[in-house]
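In our numbering, the protein residues as written are 132 to 512. Notes follow once the structure below has been shown.
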Amino acid sequence: MKYRMLGKTGLMVSEIGFGGEWLQRHPEEESIQLVQYAHTQGINIIDCWMPDPKSRDIIGKGIAGCRDQWFVQGHIGSTWQNGQYVRTRDMRFVRPAFEDLLARIGGGYIDLGMIHYIDSQDDWDAAMGTDYIRYVHELRDKGIIRHIGISTHNPRIARMAVETGFIEMILFSVNPAFDTRPATEDMDSLFAGWEGKRPGGVDPERAALYRLCEEKDVGITVMKGFFGGRLLDAETSPFGVAFTPPQLIHYSLTRPAVASVLCGYDTMEQLTAALAYETASDEEKDFAPLLASTSLQARIGQCTYCGHCQPCPMNIDIAMVNKFYDLAAQQEHIPDSVRSHYEALRPTASACVGCRSCESRCPFGVGIHERMKKAAALFGV
Ligand code: SF4
Ligand code: SF4
């Protein structure tokens with residue numbers, strides 16, 4: 132296992148990390164063993180955004196005995212109310228949920244105290260300058276959290292986080308689908324402007340974010356590196372081709388400032404497939420030929436979350452609806468996190484009035500009105 136410094140936190144984290152989201156799908160003992168096995172393979176960073184007691188207990192028990200050898204990303208504002216995940220800045224729920232996390236993880240501290248999931252300006256405003264952010268600072272001042280981080284999918288929010296100066300790292304969604312923008316339809320030129328290992332072709336706003344993070348020494352840990360598994364299957368990949376885990380891990384690890392890719396595992400096979408990155412040849416890791424060989428045709432009708440279809444007269448965030456719809460539609464059961472994030476959108480897809488003004492602006496021929504109907508039906512709102 133190789134280790135990288137997570138920006139200004141100074142922590143040396145394993146370049147392959149552990150996203151714990153799916154651990155609760157299995158019997159507790161089985162999942163505990165998976166966490167323990169990951170440790171034997173050199174993985175030392177694990178994300179616990181999950182508020183449910185089972186997930187937290189699995190991680191706490193999985194790292195017990197070597198707590199000081201793990202770095203835990205623990206989220207502040209992810210709460211468990213009436214058996215469901217609720218994201219909130221309401222201190223009546225935030226404080227007990229974080230205290231529960233501390234108790235279940237063990238050791239009396241959390242390495243990376245994450246400002247949980249902020250994707251919009253409204254969310255940002257609801258968190259900053261409030262008791263919520265004062266609580267985050269209080270935890271940091273007392274050493275209960277050792278560093279302050281944030282989780283977001285939105286490069287604009289990530290940029291604002293970097294500019295605060297006190298947010299030391301970001302858990303950010305990185306993969307070729309999220310990064311790719313329709314600035315060019317010629318995929319052969321997607322990587323024009325490579326400098327060393329850093330490919331061009333990324334949306335300028337995202338590329339600027341990665342550079343800013345590197346410049347300000349704000350480390351990035353990666354979520355959704357496999358796009359929820361979608362990029363591993365040609366049928367669901369927006370590029371029309373399947374990538375391998377080493378290719379996708381390599382993609383993320385070649386972005387500036389990225390220190391660790393926290394893949395979500397719930398089976399030994401998935402974990403082994405990610406760990407294969409450590410022994411993969413340069414050829415096996417190389418994602419560029421595959422990406423360059425795809426054609427725009429392969430992506431026609433598939434949303435790349437570029438946002439070019441806005442504005443919507445009903446104020447629907449079309450790219451976000453599509454993103455959550457795609458994440459949910461791949462699963463047998465909609466994950467609580469995806470449902471909750473979708474339901475937090477204001478408005479949701481059910482507000483679509485079918486004007487289709489968005490469709491003429493979509494460079495990828497997405498049938499947006501139909502997808503809004505499908506999303507509304509799938510989520511029930
Ligand atoms: S078709 Fe629906 S999503 Fe598209 S602009 Fe009209 S109301 Fe918005
Ligand atoms: S529907 Fe089209 S324009 Fe809108 S985010 Fe998706 S790909 Fe981009």
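We treat Cβ as the ideally placed atom computed from N, Cα and C, and that holds for glycine.
Exercise for the section: Spatial neighbours of I499 within its chain, please: CB distance less than 7 Å, with the 5 preceding and 5 following residues excluded, ordered by chain position. Expected result: C440, I449, C489, E490, C493
Handout entry: Buried/exposed call for T261, threshold 16 Cβ in 10 Å
Key = exposed
Practice task
Helix, strand or coil for T210, going by three-state DSSP, please let me know.
Solution key: strand
Practice task
Look at L243 and V203 and say whether their C-beta atoms are less than 8 Å apart.
Solution key: yes
Problem - Start-end ranges of the alpha helix (DSSP H) lying completely within the region 133–189, minimum 4 residues - result: 159–171
Problem - Candidates R220, Y240, D272: closest to D253 by CA position - result: R220
Problem - Beta-carbon proximity list for H157, same chain, < 7 Å, skipping 5 on both sides - result: D397
Exercise for the section: Leaving out five residues on either side along the sequence, give the residues of the same chain with a beta carbon under 8 Å from the beta carbon of T479. Expected result: I447, V452, Y473, A506, A507, F510, V512
Exercise for the section: Keeping to the same chain, check which residues put their C-beta closer than 7 Å to that of R223; ignore five residues upstream and five downstream. Expected result: none
Handout entry: Beta-carbon proximity check, I249 vs I281, cutoff 8 Å
Key = yes
Exercise for the section: Could you say which of E160, V144, E161, G196 lies nearest to D178 if we only look at CA atoms? Expected result: V144
Handout entry: the region 177–191 contacting the region 199–214, beta-carbon criterion three pairs below 8 Å
Key = yes
Practice task
My understanding is that P387 touches Y456, with C-beta atoms under 8 Å, so please give their C-beta distance in whole angstroms.
Solution key: About 30 Å; that fails the 8 Å criterion.
Exercise for the section: Please determine if the region 406–419 and the region 363–379 are in contact, where contact requires at least 3 C-beta pairs separated by less than 8 Å. Expected result: yes
Problem - Cβ pair E299, G150 closer than 8 Å - result: no
Exercise for the section: Compare the beta carbon distance of V200 and G360 with 8 Å and say whether it is the shorter of the two. Expected result: For the sequence presented, residue 200 should be read as Gln rather than Val. Against a cut-off of 8 Å, the Cβ pair of G360 and Q200 comes out as no contact.
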